[in-house]
Amino acid sequence: MASMVASNILTRADLDALPDDNLRHELIDGQFVMTPAPGFAHQTMVGALGHRLWQALCGSDLKVLSAPFDVVLGPHVVEPDLLVARRADFTSRDLPVAPLLVVEVLSPSTARMDTGRKRDLYADAGVAHYWLLDPAASAITILTLVDGHYVETGHTSGDEAITAEQPASLTFSAAELLAD
1222 MASMVASNIL
1232 TRADLDALPD
1242 DNLRHELIDG
1252 QFVMTPAPGF
1262 AHQTMVGALG
1272 HRLWQALCGS
1282 DLKVLSAPFD
1292 VVLGPHVVEP
1302 DLLVARRADF
1312 TSRDLPVAPL
1322 LVVEVLSPST
1332 ARMDTGRKRD
1342 LYADAGVAHY
1352 WLLDPAASAI
1362 TILTLVDGHY
1372 VETGHTSGDE
1382 AITAEQPASL
1392 TFSAAELLAD
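Per our numbering, residue 1222 is the first one in the sequence shown, and the count goes up by one each step.
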């Protein structure tokens, strides 16, 4: 389960001082959020979609990365499951600007944060496309930023395919991502 460790307002320096313990550490609203290692279905979906995005974007000025990699959104440091951003926007350490696409794979420990606070953070930062993958429901939801708020522009489940046009033209289904 994702848990927030409450105390003082924490900073990026505090985050950087943590030992490597194989947990995902994020900094949201001045608090550490720790998430345990993801499960098999989660990683299967991340790998399959990451590969499809990489193929679609190969040779472009866009780069696909999977967690762990820090994305700095003001005082917040998050590690989306997948992200797409312009190559020129990356530093060797992090992505200090909003990515074009963030993908989060829901799990019992992260679903509330991914569909709540992180969704708001991504919208506030100007992340144009936010995709939610739900392995338990075999579902995909595509959200597009319109006037500062996310609008659902696609939803599918099981074998039913969905097409996303941005930042890459892809047609895929949740069942395909889970089977790869």
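Positions of the beta carbon are idealized from the N, C-alpha and C atoms, including for glycine.
| Check | Outcome |
| --- | --- |
| Residues sharing a beta bridge with residue 1300, DSSP | Answer is none; residue 1300 lacks a bridge partner. |
| Nearest-angstrom beta carbon gap, residue 1354 and residue 1324 [assumed within contact, 8 Å] | 7 Å |
| Beta-carbon contacts of residue 1380 that lie in its chain and below 7 Å, excluding the five residues immediately before and after | 1394 and 1396 |
| For residue 1260, the nearest candidate out of 1315, 1369, 1287 and 1328 (CA to CA) | 1328 |
| Contact set for residue 1376: own chain, Cβ-Cβ below 6 Å, skip 5 residues either direction | 1362 |
| Among 1357, 1391, 1366 and 1275, nearest to residue 1351 - alpha-carbon criterion | 1366 |
| Cα-Cα separation between residue 1229 and residue 1245, rounded to whole angstroms | 20 Å |
| Closest Cα partner of residue 1251 within the set 1233, 1374 and 1239 | 1233 |
| Integer Cβ distance of residue 1231 from residue 1297, believed to fall under 8 Å | Not really, about 11 Å apart at Cβ, beyond 8 Å. |
| Reduced DSSP secondary structure (H/G/I, E/B, other) of residue 1264 | helix |
| Spatial neighbours of residue 1338 in its chain, beta-carbon cut-off 8 Å, leaving aside the 5 residues before and after | 1249 and 1250 |
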